[in-house]
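Let me begin by presenting the structure, written as structure tokens, before commenting on it.
Chains as they are written, first to last, in our numbering: chain H, 276 to 343; chain E, 962 to 1229.
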């Protein structure tokens, strides 16, 4: 299946979890300062390991940056 | 005997409350614009700040070092912002993501109306504030220096109002001190001057006008020597607060002698 990760297409095995995608970005699973939205909806950290992605979904993995 | 007030050990500001928590420093520092994390660390330490702002963006795998780890190591409170949001909907979503990322209900709410001036979009800002208050957030809105909008934001349940002195990053200082005074006079939540500060005298003026705190980023992060400017800002905020509490003399058109004419000799 193909999803969109931070605006770029990404081919994943079926039933890949949000946690696996977060890990693939190097953002680190348990680290504070990371948040995930799937199709615009926030996925709570506690649900990353159990939320399976499906074809065509848009995933945003966000991290802390310097900002005023 | 008069209370001694010149002791250098005596704090020049008093503790204050923001969002139901007790703070010592009245200077909030944005982390944007520093050229390196080590430079940021030195400036944050020199500033004496307890609260720093951060933003959320798509993760960059090549990012060096962890901003959050640094902030945690310094023991500072992480205040996420909604920078870059142009609609209430985007700002509310960003705030919810920030709540997940930083495990805090606090948000510096920015809803921008124009990319040239970065001035707030008042209707969108108020709508976002109302939604986030209802969602249980502690909302600190970056707002225009508009007393009516500030009152509306307070009525909506915001924990503070944060009027600008001038556009973000402009360093133009406090362009309308009268409006800031009117906002301070009417507000019963803390007023934090956010944006426009260029140098130490601007921060001191904000406090002399009665603001409870100052939030700045570029004035320190883009200064030639950020740590030195951070220390200057810390002292300016303390000095402005002390001067406000001390009660300044009125401005007069004509002179008023400080030396009495009584006992003046006739030497002619």
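Every residue gets a Cβ at the ideal spot worked out from N, C-alpha and C, and that includes glycine.
Treat the numbers as computed from the prediction; the structure is a model and nothing was measured.
Residues bridged to residue i (per DSSP)
i, result
"residue 1123/E", "1103/E"
"residue 1174/E", "1153/E"
"residue 1038/E", "1012/E"
"residue 285/H", "278/H"
"residue 338/H", "309/H and 1018/E"
"residue 1084/E", "Beta-bridge pairing links residue 1084/E to no other residue."
"residue 327/H", "292/H"
"residue 1209/E", "BP columns for residue 1209/E are empty, so no partner."
"residue 333/H", "279/H"
Residue interval of the beta strand (DSSP E) (run including residue i)
i, result
"residue 277/H", "277-280"
"residue 1169/E", "No beta strand (DSSP E) holds residue 1169/E; the alpha helix (DSSP H) holding it covers 1161-1169."
"residue 316/H", "316-318"
Inter-residue CB distance, residue i and residue j (contact presumed, cutoff 8 Å)
i, j, result
"residue 989/E", "residue 1153/E", "7 Å"
"residue 1103/E", "residue 1125/E", "7 Å"
"residue 1120/E", "residue 1101/E", "6 Å"
"residue 1011/E", "residue 985/E", "6 Å"
"residue 1122/E", "residue 1115/E", "6 Å"
"residue 1004/E", "residue 1165/E", "Not really, about 19 Å apart at Cβ, beyond 8 Å."
"residue 931/E", "residue 1112/E", "The first residue shown for chain E is 962 and the last is 1229, placing residue 931/E beyond what the model contains."
"residue 1135/E", "residue 1167/E", "6 Å"
"residue 1174/E", "residue 343/H", "Rounded, the Cβ-Cβ distance is 15 Å, inconsistent with contact."
"residue 336/H", "residue 309/H", "7 Å"
"residue 330/H", "residue 277/H", "6 Å"
"residue 1018/E", "residue 338/H", "7 Å"
"residue 1056/E", "residue 1098/E", "6 Å"
"residue 1170/E", "residue 1145/E", "6 Å"
"residue 334/H", "residue 296/H", "6 Å"
"residue 1068/E", "residue 1093/E", "6 Å"
"residue 1161/E", "residue 1185/E", "14 Å between Cβ atoms; not a contact."
"residue 998/E", "residue 1013/E", "The pair is not a contact, with the Cβ atoms about 12 Å apart (cut-off 8 Å)."
"residue 1048/E", "residue 1085/E", "6 Å"
"residue 313/H", "residue 323/H", "Rounded, the Cβ-Cβ distance is 10 Å, inconsistent with contact."
"residue 284/H", "residue 1061/E", "With 8 Å as the limit, residue 284/H and residue 1061/E do not qualify as a contact, their Cβ atoms being about 25 Å apart."
"residue 1156/E", "residue 1129/E", "5 Å"
Limits of the unbroken alpha helix (DSSP H) element including residue i
i, result
"residue 1185/E", "That residue, residue 1185/E, is in no alpha helix (DSSP H); it is neither H nor E in DSSP."
"residue 1146/E", "1138-1147"
"residue 1115/E", "1108-1116"
"residue 299/H", "293-299"
Contacts of residue i in chain C (Cβ-Cβ under 7 Å)
i, result
"residue 1057/E", "Going by chain labels, chain C is absent from the structure shown, which instead holds the protein chains H and E."
At a Cβ cut of 8 Å, what residues of the stretch 990-1016 of chain E count as close to chain H, listed as they run along the chain? 991, 992, 993, 994, 995, 1001, 1014, 1015 and 1016
Whole runs of the alpha helix (DSSP H) within the stretch 1041-1079 of chain E, excluding any shorter than 4 residues: 1049-1063
At what residue ranges does the stretch 967-1020 of chain E contain a whole run of the alpha helix (DSSP H), taking only runs of 4 or more? 998-1008
Please identify, using Cβ separations under 8 Å, the residues of the stretch 327-341 of chain H that lie next to chain E, in order along the chain. 335, 336, 337, 338, 339, 340 and 341
Closer than 8 Å, Cβ to any Cβ of chain E: which residues of the stretch 279-307 of chain H, in chain order? 281, 282, 300, 301, 302, 306 and 307
Residues of the stretch 1059-1070 of chain E whose Cβ lies closer than 9 Å to any Cβ of chain H, in chain order: 1059, 1060, 1061, 1062, 1063, 1064 and 1069
Residues of the stretch 316-327 of chain H with Cβ closer than 7 Å to any Cβ of chain E, in chain order: 317, 319 and 320
What residues from the stretch 1117-1143 of chain E come within 9 Å of chain H, judged by C-beta to C-beta, listed N to C? 1129 and 1130
Taking a cut of 8 Å between CB atoms, which residues from the stretch 1076-1090 of chain E lie near chain H? none
Proximal residues, the stretch 1026-1045 of chain E versus chain H, C-beta separation under 7 Å: 1028, 1029, 1042 and 1044
The stretch 1149-1183 of chain E: positions lying closer than 9 Å to chain H by Cβ: 1155, 1156, 1176, 1177, 1178, 1179 and 1182
When Cβ atoms are compared, which residues of the stretch 1182-1200 of chain E fall closer than 7 Å to chain H? none
Residues, ordered as in the chain, of the stretch 1102-1117 of chain E that lie near chain H by beta-carbon distance below 8 Å: none
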